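Q: Here numbering that gives the first Met the number 0 is used: position 84 in the sequence shown is 83, and no number is missing along the way.
The beta-carbon is built from N, C-alpha and C at its ideal position, and this holds for glycine as well.
Please read all numbers here as calculations on a predicted model, not as lab measurements.
Would you mind keeping the following structure in view while I ask a few things?
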Amino acid sequence: MTITERARKKAEKLDRLGELSAVRDEERGVSLWQEAFRRLRRNPAAIVGTVVLGLFVLVAIVGPIFVPYGPTDTIGIREGLVKSGQGIIPGSSADHWLGFDHQGRDEFSRLIVGARQTLLVGVVSTLIGLAIGALVGGIAGAAAGLGGRWGRWLDTGLMRIVDMLLALPSLLLAVSIAALLGASLTTVMIAVGVVSVPVFARLLRGSMIAQSNTDYVLAATSLGVRRSKIALSHVLPNSLAPVIVQATLTLATAIIEAAALSFLGLGNPDSAVPEWGVMLADAQPYLGIRPALAIYPAVAIIITALGFTLLGEAMREALDPKLRK
0 MTITERARKK
10 AEKLDRLGEL
20 SAVRDEERGV
30 SLWQEAFRRL
40 RRNPAAIVGT
50 VVLGLFVLVA
60 IVGPIFVPYG
70 PTDTIGIREG
80 LVKSGQGIIP
90 GSSADHWLGF
100 DHQGRDEFSR
110 LIVGARQTLL
120 VGVVSTLIGL
130 AIGALVGGIA
140 GAAAGLGGRW
150 GRWLDTGLMR
160 IVDMLLALPS
170 LLLAVSIAAL
180 LGASLTTVMI
190 AVGVVSVPVF
200 ARLLRGSMIA
210 QSNTDYVLAA
220 TSLGVRRSKI
230 ALSHVLPNSL
240 APVIVQATLT
250 LATAIIEAAA
260 LSFLGLGNPD
270 SAVPEWGVML
280 ADAQPYLGIR
290 PALAIYPAVA
300 IIITALGFTL
310 LGEAMREALD
320 PKLRK
């Protein structure tokens, strides 16, 4: 290849880079996120999911301030209304909207206060999985897409570890971690967070590899831009959209898995601290007397998880480039 041909090819790449980075005023449109927000506003599933999650977050943050009774106040036993040993657990009334639990505590107050614990577990565990998974997936994706032969070896090693985690059933892995660390609220967060790590890692890696094969990366590479700068400043930001959507969906899974661990006795050992999974477990011996004690927290878990799922699926559709007009 002659010097003239090389210069011509470099000029063509520079022109192409200019076309990708500059948009004529008459062709200027909205960004991917702006277009996604417009779609979300017109999507009934997104509206329902947002309303459900808004109410859940509002109840979790300010609800415990306005509950009529303390979550540990055994008012039912003190007033002689609850005698669980004799099969007497009163239901709803004007003063106690959802009745009492087996220890005479106001069920409505415990359900409201328990929303904060459930939100805390779901958000923290998702952030743990997102942080570790994004770190692993980001390194693997950058190494595979821009790291050459050594990068592909690093990518292969990291992905084999991720594959081993993916090979294990998520609930079994979470139970194993929780049993190893001991029963506590922190243990539940760590266990649920570790389970979601391979999902985030695989998703971000695949997205970064796809972005590494685009024209703008090729143009930046031909201009001599450092590969680390390309990966951090261009490839990574453009690869985060599917990861953010997955984080929303993972919140729903995290709430369900955290409730499952608490139900199995691997959550917070202090039953005086309201948490929906613990409330569900405590209600099992009294299903024949008052099944509503199990129905209330179960419905709360289902509705909250459904809200996250609806919003996550709507975000996935809104951010899908194939559906953009």
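Return helix, strand or coil for ILE288, following the three-state DSSP convention.
A: The answer is coil: DSSP assigns ILE288 none of H, G, I, E or B.
Q: Taking ALA93 as the reference, which of PRO67, ASP72, THR125 and GLY86 has the closest Cα?
A: Per the Cα distances, PRO67.
Q: Taking one C-beta from the region 191-210 and one from the region 135-143 each time, how about it: are there three or more such pairs within less than 8 Å?
A: The region 191-210, when compared against the region 135-143, does touch it at the 8 Å Cβ threshold.
Q: Considering Cα atoms alone, identify which of LEU305, ALA291, ALA282 and GLU256 is closest to VAL51.
A: Minimum Cα distance to VAL51 is reached at LEU305.
Q: Are the beta-carbon atoms of MET278 and PRO296 separated by less than 7 Å?
A: Against a cut-off of 7 Å, the Cβ pair of PRO296 and MET278 comes out as a contact.
Q: Check whether the region 158-177 touches the region 231-246, taking contact to mean three or more Cβ pairs, one atom from each stretch, closer than 8 Å.
A: Segments in contact, no.
Q: Taking all protein chains shown into account, decide if ALA130 is buried (16 or more other Cβ within 10 angstroms of its Cβ) or exposed.
A: Answer is exposed; the Cβ neighbour count stays below 16.
Q: Let me know the secondary structure DSSP gives ILE131 once reduced to three states.
A: Helix.
Q: Please name the residue, chosen from ILE302, VAL122, ALA142 and HIS95, that lies closest to SER211 on a Cα-to-Cα basis.
A: Cα-wise, what sits closest to SER211 is ALA142.
Q: Skipping 5 residues on each side, what residues in its chain have a beta carbon closer than 7 Å to that of ASP154?
A: Cβ neighbours of ASP154 beyond the five flanking positions: ALA139, ALA142 and ALA143.
Q: Measure the Cβ-Cβ separation of LEU250 and ALA35 and say whether it is below 7 Å.
A: Result no, Cβ atoms of LEU250 and ALA35 do not sit closer than 7 Å.
Q: If you draw a straight line from the alpha carbon of GLU312 to that of GLY181, how long is it in whole angstroms?
A: Computed Cα separation, rounded: 35 Å.
Q: Which whole-angstrom value is the C-beta distance of LEU97 and PHE107, which I expect to be below 8 Å?
A: LEU97 to PHE107, Cβ: 4 Å. Contact.
Q: Is it true that the region 44-59 meets the region 68-78, where meeting means three or more beta-carbon pairs spaced less than 8 Å apart?
A: Because the criterion of three Cβ pairs below 8 Å is not met, the region 44-59 and the region 68-78 do not touch.
Q: Helix, strand or coil for ASP105? Go by DSSP, reduced to three states.
A: Strand, per DSSP.
Q: Quick one: grab the DSSP three-state call for ILE189.
A: Residue state, collapsed to three classes: helix.
Q: Rounded to the nearest angstrom, how far is the Cβ of VAL216 from that of ILE229, given a contact under 8 Å?
A: That pair is a contact at about 6 Å.
Q: Report all residues from its chain with a CB closer than 6 Å to the CB of LEU172; omit the five preceding and five following residues, and keep chain order.
A: Counting only Cβ-Cβ distances below 6 Å, and skipping sequence neighbours, we find VAL194.
Q: Does the structure place the region 71-88 close enough to the region 243-263 that three or more beta carbon pairs sit under 8 Å?
A: The answer is no - the region 71-88 does not touch the region 243-263, with fewer than three Cβ pairs under 8 Å.
Q: Who pairs with LYS228 in a beta bridge, going by DSSP?
A: Paired residue(s): none; LYS228 is not in a bridge.
Q: If you drop the 5 nearest sequence neighbours on each side, which residues of the same chain put their C-beta closer than 7 Å to that of LEU286?
A: Closer than 7 Å at Cβ, skipping near neighbours: ALA293.
Q: Starting from ALA257, trace the alpha helix (DSSP H) in both directions and tell me its first and last residue.
A: Start and end: 240-262.
Q: Quick check on the DSSP output: the alpha helix (DSSP H) that includes LEU279 runs from which residue to which?
A: Note, LEU279: alpha helix (DSSP H), 275-281.
Q: Would DSSP call ILE88 helix, strand or coil?
A: In this structure, ILE88 counts as coil in the three-state DSSP scheme.
Q: Around the C-beta of ASP269, are 16 or more other C-beta atoms found within 10 angstroms, so that it is buried, or is it exposed?
A: Result: exposed.
Q: Return the chain-ordered list of same chain residues with a C-beta closer than 7 Å to the C-beta of GLY28, the five sequence neighbours on each side being excluded.
A: Residue confidence is low: GLY28 scores 49 on pLDDT, short of 50, so the model does not pin down where it sits. Its coordinate-derived value is still stated next. Answer for GLY28: no residue qualifies.
Q: Run the CB neighbour count on ARG109, radius 10 Å, all protein chains shown included, and call it buried at 16 or more, exposed below.
A: Classification for ARG109: buried.
Q: Using a Cβ-Cβ cut-off of 6 Å (strictly less than) and excluding sequence neighbours within five positions of ALA253, which residues of its own chain qualify?
A: Closer than 6 Å at Cβ, skipping near neighbours: GLY121, SER124, THR125 and VAL191.
Q: Would you mind reading off the limits of the alpha helix (DSSP H) that contains ASP162?
A: 147-166 is the extent of the alpha helix (DSSP H) around ASP162.
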